[in-house]
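Heads up, the thing below is written out as structure tokens.
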Amino acid sequence: MTSVATDDRTQVLARGSAGALEAPGLELVVVDGVDRGARLRVRGTIRIGTAQGNDLHLTDATVSRVHATLRLDGGRLRLEDMGSTNGTFVDGVRVRDAYVSPGNLVRLAETTLRAEAVQEPLRVELAPYDRLGDLVGASPAMRYAYALIERVAPTSTTVLIQGETGTGKELVARAIHARSTRSARRFLAIDCGAIPENLIESELFGHVRGAFTGAVAERAGAFEEADGGTLFFDEVGELAPPMQRKLLRVLETREIRRVGENRERPVDVRVVAATNRPLATAANEGLFREDLYFRLAVVTIELAPLRARREDIPLIAQHFLDRLTGGTERVTPELNALLLGRAWNGNVRELRNYLERRVSLEARDVTREPPRADLAPVSELRLDLPFKEAQALLLQRFELAYLSALLVRADNNVTRAAQLGGISRRFLQRRMAELGLRQAGEGAPDDDDG
Numbered sequence: 001m002t003s004v005a006t007d008d009r010t011q012v013l014a015r016g017s018a019g020a021l022e023a024p025g026l027e028l029v030v031v032d033g034v035d036r037g038a039r040l041r042v043r044g045t046i047r048i049g050t051a052q053g054n055d056l057h058l059t060d061a062t063v064s065r066v067h068a069t070l071r072l073d074g075g076r077l078r079l080e081d082m083g084s085t086n087g088t089f090v091d092g093v094r095v096r097d098a099y100v101s102p103g104n105l106v107r108l109a110e111t112t113l114r115a116e117a118v119q120e121p122l123r124v125e126l127a128p129y130d131r132l133g134d135l136v137g138a139s140p141a142m143r144y145a146y147a148l149i150e151r152v153a154p155t156s157t158t159v160l161i162q163g164e165t166g167t168g169k170e171l172v173a174r175a176i177h178a179r180s181t182r183s184a185r186r187f188l189a190i191d192c193g194a195i196p197e198n199l200i201e202s203e204l205f206g207h208v209r210g211a212f213t214g215a216v217a218e219r220a221g222a223f224e225e226a227d228g229g230t231l232f233f234d235e236v237g238e239l240a241p242p243m244q245r246k247l248l249r250v251l252e253t254r255e256i257r258r259v260g261e262n263r264e265r266p267v268d269v270r271v272v273a274a275t276n277r278p279l280a281t282a283a284n285e286g287l288f289r290e291d292l293y294f295r296l297a298v299v300t301i302e303l304a305p306l307r308a309r310r311e312d313i314p315l316i317a318q319h320f321l322d323r324l325t326g327g328t329e330r331v332t333p334e335l336n337a338l339l340l341g342r343a344w345n346g347n348v349r350e351l352r353n354y355l356e357r358r359v360s361l362e363a364r365d366v367t368r369e370p371p372r373a374d375l376a377p378v379s380e381l382r383l384d385l386p387f388k389e390a391q392a393l394l395l396q397r398f399e400l401a402y403l404s405a406l407l408v409r410a411d412n413n414v415t416r417a418a419q420l421g422g423i424s425r426r427f428l429q430r431r432m433a434e435l436g437l438r439q440a441g442e443g444a445p446d447d448d449d450g
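In this text, residue positions in the sequence shown follow our numbering: the first is 1, and each later residue adds one.
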């Protein structure tokens, strides 16, 4: 077996487990278009487009700023269109995503590239263990993510984590922080969709007394509070354009200015950002600053949805059952079959919530429907769980009860409920979906676009 430094729960994989992903070596060569002759050897995830930050920078004006990406997916190279204006074609067929092999012709608008074989295969090392921190999974996708975390953690590189809601993006950020030289300092998470737009600048940069109505005292912002540590921007794509510009400036200058203040303050903060939608697509659509996207995505870690790594479900389920029952309950063949048969659109978070309901209600009929919000006791303390687990569970129950009551008070009008709660509408909609409250907002007069 391979010996690695991990936490006590990490299981080192048995000898013979694949230690790397390999794909045929590939070089992209522009064979038609204004950039004819340009070429790039594929050595990992690459971005193709006309923006300067792309790995393959094209000058064809018909190509989008970030037109497409090419990355290793299992043992194959997967091409994905990033919401381009004029489309991506493989051997004449327009695709949203497709696997590319030597010999394929890839057309981006009026530029055509040929995938040419090279002798040396593309090889990506995988971590030899089945969990990292609170991340669990032995699939190649997860072991690739662990390897990236281990490599990038000791640096000060800005990291962008992409993945669907519930895949564990904050756990990745915490794992990076825990393995960095900043681990002794603060890790601070900011949910960009939860803070009202008129307060976000003060939350991030702080303010001086009298800077605005209600600013009765001077206050440090998140950048100063996390000085020397890590600042995690969850759902960074929700930032409004003015704040995107200000965040970019801070990343470039390492200085902040409190609201109402004229002097700059130096800060030493590592930024890790996360989003549940491709920022490259948002950049192409003009919804997110292109320069900020490239500044955040120095290293990108993609988290696969649970449906794409179903072999991890039994391992994850046992991990949660161990925490919920103190190791007294096992994943039986019947439960395993049930879990593998579900879609898990809410990913790992949905799986955890399902098992929590099952254990809390002592339900042996695991097919029953989720409990109503009024059956979730906010006051119950789980002293049999570690502090952070018990804290997260209590917070989840509070959110479920609070948001349910808020929607009732607002007659299921999502916009009004958000106003009453002092939160953004998008944050409320996202938490409704995550907590299984989507039905509570159906039919609301202002919920047509949610």
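The beta carbon of each residue, even a glycine, is placed where N, CA and C say it ideally should be. Small disclaimer: the values here were computed from a predicted structure and weren't measured.
Below 8 Å on the Cβ atoms is my contact criterion, and I expect residue i with residue j to pass it. Report the Cβ-Cβ distance as a whole number of Å.
i      : j      : result
Leu77  : Thr88  : About 14 Å; that fails the 8 Å criterion.
Ala317 : Val331 : 5 Å
Leu122 : Glu238 : That belief does not hold up - the Cβ atoms of Leu122 and Glu238 are roughly 34 Å apart, past 8 Å.
Glu164 : Asn353 : Their Cβ separation, rounded to whole angstroms, is 15 Å, which puts Glu164 and Asn353 out of contact at 8 Å.
Arg219 : Gly228 : Not really, about 19 Å apart at Cβ, beyond 8 Å.
Ser101 : Pro24  : 7 Å
Arg36  : Glu27  : Going by Cβ atoms, the distance from Arg36 to Glu27 rounds to 15 Å, so no, they are not a contact pair.
Asp81  : Val95  : 7 Å
Leu420 : Ala410 : 6 Å
Ala175 : Gly214 : The pair is not a contact, with the Cβ atoms about 37 Å apart (cut-off 8 Å).
Arg131 : Pro154 : Actually they are not in contact, since the Cβ atoms of Arg131 and Pro154 sit about 20 Å apart, beyond 8 Å.
Leu58  : Thr50  : 5 Å
Asp191 : Glu252 : Not quite, the Cβ-Cβ distance comes to about 24 Å (not below 8 Å), so this is no contact.
Leu56  : Val124 : About 19 Å separates the two Cβ atoms, so there is no contact after all.
Within a Cβ cutoff of 7 Å, which residues of the same chain sit near residue i, ignoring the five residues on either side of it in sequence?
i      : result
Arg309 : Gly137, Ser139, Ala141, Met142
Asn54  : Arg47, Ile48, Val66
Ala127 : Arg143, Tyr146, Ala147, Glu150
Leu105 : Asp91, Thr112, Arg114
Arg406 : First, the residue type needs correcting, since residue 406 is Leu and not Arg in the sequence shown. Result list for Leu406: Ala417, Leu420, Gly421, in chain order.
Pro266 : Arg254, Glu255
Apply the 10 Å Cβ neighbour rule to residue i and answer buried if 16 or more other Cβ atoms are within range, or exposed otherwise.
i      : result
Thr111 : buried
Leu148 : buried
Phe398 : exposed
Thr230 : buried
Asn198 : exposed
Asn345 : exposed
Leu351 : buried
Ser202 : buried
Phe212 : exposed
Glu442 : With a pLDDT of only 41 at Glu442, under 50, the local geometry of the prediction cannot be trusted, and no value is derived from it.
Ser156 : exposed
Leu340 : exposed
Asn262 : exposed
Arg307 : exposed
Gly103 : exposed
Val216 : exposed
Gly44  : exposed
Gly326 : exposed
Val408 : exposed
Leu395 : exposed
Thr281 : buried
Gly286 : exposed
Gly210 : exposed
Arg258 : buried
Ser64  : buried
Ala119 : According to the sequence shown, residue 119 is Gln rather than Ala. Gln119 is exposed by the Cβ-count criterion.
Glu356 : buried
Pro451 : Nothing in the structure corresponds to residue 451, since the chain is present only between 1 and 450.
Beta-carbon within less than 8 Å of residue i's beta-carbon, same chain only, minus the 5 sequence neighbours each way: which residues are those?
i      : result
Leu188 : Ala222, Glu225, Ala226, Gly229, Thr230, Leu231, Phe232
Ser424 : Gly193, Ala194, Ile195, Pro196, Glu197, Glu238, Ala418
Asp268 : Asp227, Gly228, Arg254
Ala337 : none
Asp463 : No statement about residue 463 is possible, as the shown extent of the chain runs from 1 to 450 and does not include it.
Beta-carbon within less than 6 Å of residue i's beta-carbon, same chain only, minus the 5 sequence neighbours each way: which residues are those?
i      : result
Leu160 : Ala273, Leu296, Ala297, Thr300
Asp312 : Gly137, Ser139
Arg185 : Gly228, Gly229
Asp365 : Model confidence at Asp365 stands at a pLDDT of 43, short of 50, so the residue's coordinates are unreliable; what they give is reported in the following sentence. Cβ neighbours of Asp365 beyond the five flanking positions: none.
Phe294 : Gly53
Leu292 : Gln244, Leu248
Ala173 : Phe232, Val272
Pro200 : Checking the sequence shown, residue 200 turns out to be Ile, not Pro. If we look at Ile200 and ignore the five residues flanking it on each side, its Cβ neighbours are Met243.
Thr158 : Val271, Leu296, Val298
Touching by the beta-carbon criterion (3+ pairs, under 8 Å), the segment 271-285 and the segment 165-183: Judged by Cβ distances under 8 Å, the segment 271-285 makes contact with the segment 165-183, as three or more pairs qualify.
Alpha helix (DSSP H) segments (min. 4 residues) lying fully within the segment 138-202: Listed in chain order, the complete alpha helix (DSSP H) runs (minimum 4 residues) inside the segment 138-202 are 140-152, 169-178.
Ordered list of beta strand (DSSP E) runs contained in the segment 57-142, each at least 3 residues: Fully contained in the segment 57-142 are the following beta strand (DSSP E) runs of length 3 or more, in chain order: 68-73, 76-81, 88-90, 93-95, 97-100, 105-108, 111-117, 122-125.
Runs of beta strand (DSSP E) lying entirely within the segment 239-298, each at least 3 residues, in chain order: Listed in chain order, the complete beta strand (DSSP E) runs (minimum 3 residues) inside the segment 239-298 are 270-275.
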